[in-house]
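Participant: Numbering (the working numbering), first residue to last: 5 to 267.
Backbone N, C-alpha and C define an ideal beta-carbon position, used for all residues, glycine too.
For clarity, every value in this text was computed on a predicted model and none was experimentally measured.
Just dropping this structure here.
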């Protein structure tokens with residue numbers, strides 16, 4: 005795990021090729037609804053979710069797969085999870101492993117559940133963000149929910165004080181794979197059962213056919229976010245967390261502070 009809190013500049017990489025193909029796909033939309041203060045529960049009702057309360061000097065863990073690791077960024081430490089710390093001023097600890105998922109072992113470390121058991125039990129996190137993963141899209145439904153629940157149980161046992169936000173899989177290509185859509189729905193239902201916030205880049209249209217080539221490196225990056233994509237995802241994530249927060253620090257309401265501008 006690595007921590008970093010300093011700001012730096014980054015370039016904007018815009019890819020012009022493939023515009024015609026993107027226009028042709030622009031009408032195709034697999035997303036459904038935008039989450040509100042109530043999240044859909046698996047049993048058909050709704051489960052209320054408490055607003056987040058994130059102190060200005062929060063200790064935050066971002067846990068996930070290659071997107072969290074910083075794949076396709078010029079340097080991994082310029083990935084979206086690190087940029088979240090730069091934008092917010094929070095002390096962000098990043099734990100990302102390429103290829104890892106709830107059922108899938110990573111390139112050099114195991115699956116989410118095994119990784120969770122090796123986390124530092126002495127850490128004191130205000131917020132934990134668990135991201136992904138599209139790496140499970142080909143694994144099927146069998147055993148998936150059980151693996152998710154076991155992993156999340158570990159987080160709750162290790163860090164009972166922490167607020168937990170689930171960041172669902174983002175589409176790495178279009179059309180979106182049916183396995184990715186299934187995972188998005190499964191994680192949303194599982195998060196609702198625990199009264200946790202669920203952020204769905206798929207449902208909220210963070211990535212669409214219209215901005216895909218600007219945000220995703222389809223060449224050497226193998227369909228991971230470009231530098232511009234990582235910057236964009238960090239901005240979208242911070243805005244989503246802010247929208248779901250009752251306070252940004254002890255005693256300061258969001259009504260007193262302007263929301264961050266996200267292009």
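Along the chain, which unbroken stretches of the alpha helix (DSSP H) at least 4 residues long are found entirely within the segment 136-204?
Facilitator: For the segment 136-204, whole alpha helix (DSSP H) runs of length 4 or above, ordered along the chain, are 148-162 and 182-197.
Participant: Do residue 170 and residue 129 have their C-beta atoms closer together than 8 Å?
Facilitator: Sequence index remark: in the chain shown, residue 170 carries index 166 (1-based). Sequence index remark: in the chain shown, residue 129 carries index 125 (1-based). In this structure, residue 129 does not lie closer than 8 Å to residue 170 by Cβ.
Participant: Who are the Cβ neighbours of residue 136 in its own chain at under 6 Å, not counting the five residues just before and after it?
Facilitator: Counted from its first residue, the chain shown places residue 136 at position 132. Excluding sequence neighbours, residue 136 sits near 68, 69 and 173.
Participant: What is the rounded straight-line gap between the Cα of residue 182 and the Cα of residue 227?
Facilitator: Within the chain shown, numbered from 1, the residue matching residue 182 stands at position 178. Within the chain shown, numbered from 1, the residue matching residue 227 stands at position 223. Those two C-alpha atoms are separated by around 17 Å.
Participant: Between residue 158 and residue 117, is the Cβ-Cβ spacing less than 8 Å?
Facilitator: For the purposes of this step, residue 158 is taken as the residue at position 154 of the chain shown. For the purposes of this step, residue 117 is taken as the residue at position 113 of the chain shown. Taking 8 Å as the Cβ cut-off, residue 158 and residue 117 qualify as a contacting pair.
Participant: Using alpha carbons as the reference points, say which of 114, 121, 153 and 160 lies closest to residue 139.
Facilitator: Sequence index remark: in the chain shown, residue 139 carries index 135 (1-based). If we check each option's Cα against that of residue 139, 114 comes out closest.
Participant: Is it buried or exposed for residue 188, if we count other Cβ within 10 angstroms and need 16 for buried?
Facilitator: Along the chain shown, one-based indexing puts residue 188 at 184. Looking at its Cβ environment, which holds 16 or more other Cβ atoms inside 10 Å, residue 188 is buried.
Participant: Tell me the DSSP bridge mates of residue 67?
Facilitator: Taking the chain shown and counting its residues from 1, the one referred to as residue 67 is at position 63. DSSP lists 99 and 134 as partners of residue 67.
Participant: Using the C-alpha atoms, what's the distance from residue 109 back to residue 143?
Facilitator: In the chain shown, the residue the question calls residue 143 occupies position 139. In the chain shown, the residue the question calls residue 109 occupies position 105. C-alpha separation (whole angstroms): 12 Å.
Participant: Pull up the distance between the alpha-carbon of residue 225 and that of residue 242, whole angstroms please.
Facilitator: The count along the chain shown starts at 1 and reaches residue 225 at position 221. The count along the chain shown starts at 1 and reaches residue 242 at position 238. Roughly 24 Å separates the two Cα atoms.
Participant: So what's residue 250 in DSSP terms, helix, strand or just coil?
Facilitator: Looking up residue 250 in the chain shown gives position 246. In the structure shown, residue 250 sits in a strand (DSSP, three-state: E or B).
Participant: If you run the structure through DSSP and keep just helix, strand and coil, what is residue 125?
Facilitator: Position 121 of the chain shown, counting from 1, holds the residue named residue 125. Coil.
Participant: What's the C-alpha gap between residue 60 and residue 91?
Facilitator: Mapped onto the chain shown, residue 60 falls at position 56. Mapped onto the chain shown, residue 91 falls at position 87. Rounded to whole angstroms, residue 60 to residue 91 spans 12 Å at the Cα level.
Participant: Taking DSSP's pairing of strands, which residues face residue 221 in a bridge?
Facilitator: Start at 1 with the first residue of the chain shown, and residue 221 comes out as number 217. According to DSSP, which records beta bridges pairwise, residue 221 is partnered with 228.
Participant: With H, G and I counted as helix, E and B as strand and the rest as coil, what does DSSP make of residue 245?
Facilitator: Here residue 245 is taken as the residue at index 241 of the chain shown, counted from 1. Helix, per DSSP.
Participant: Look at the Cβ atom of residue 131, then the Cβ atom of residue 64, and state whether they are nearer than 8 Å.
Facilitator: Indexing the chain shown from 1 puts residue 131 at position 127. Indexing the chain shown from 1 puts residue 64 at position 60. For residue 131 and residue 64, yes; Cβs fall inside 8 Å.
Participant: Taking a contact to mean a Cβ-Cβ separation below 8 Å, would you say residue 179 touches residue 211 in this structure?
Facilitator: To locate residue 179, count along the chain shown from 1; it is residue 175. To locate residue 211, count along the chain shown from 1; it is residue 207. Cβ atoms of residue 179 and residue 211: not closer than 8 Å.
Participant: Cβ atoms of residue 229 and residue 73: under 8 Å apart, would you say?
Facilitator: By 1-based counting over the chain shown, the position of residue 73 is 69. By 1-based counting over the chain shown, the position of residue 229 is 225. Result no, Cβ atoms of residue 73 and residue 229 do not sit closer than 8 Å.
Participant: Report yes if the CB atom of residue 238 is closer than 8 Å to the CB atom of residue 87, and no otherwise.
Facilitator: The residue given as residue 238 occupies position 234 in the chain shown. The residue given as residue 87 occupies position 83 in the chain shown. It is a contact, given that the beta carbons lie within the stated cut-off.
Participant: Given that a residue counts as buried once 16 or more other Cβ atoms are within 10 Å of its Cβ, and exposed if not, what is residue 124?
Facilitator: As a working mapping, residue 124 is identified with position 120 in the chain shown. Exposed, since its Cβ has fewer than 16 Cβ neighbours within 10 Å.
Participant: Under 8 Å by Cβ, that's how I've got residue 55 and residue 250 pegged, so tell me the actual separation to the nearest angstrom.
Facilitator: Residue mapping note: residue 55 aligns to position 51 of the chain shown, counting from 1. Residue mapping note: residue 250 aligns to position 246 of the chain shown, counting from 1. With a Cβ gap of about 4 Å, residue 55 and residue 250 count as contacting.
Participant: Classify residue 237 as helix, strand or coil using the three-state DSSP reduction.
Facilitator: For the purposes of this step, residue 237 is taken as residue 233 along the chain shown, with counting starting at 1. Here residue 237 sits in helix by DSSP.
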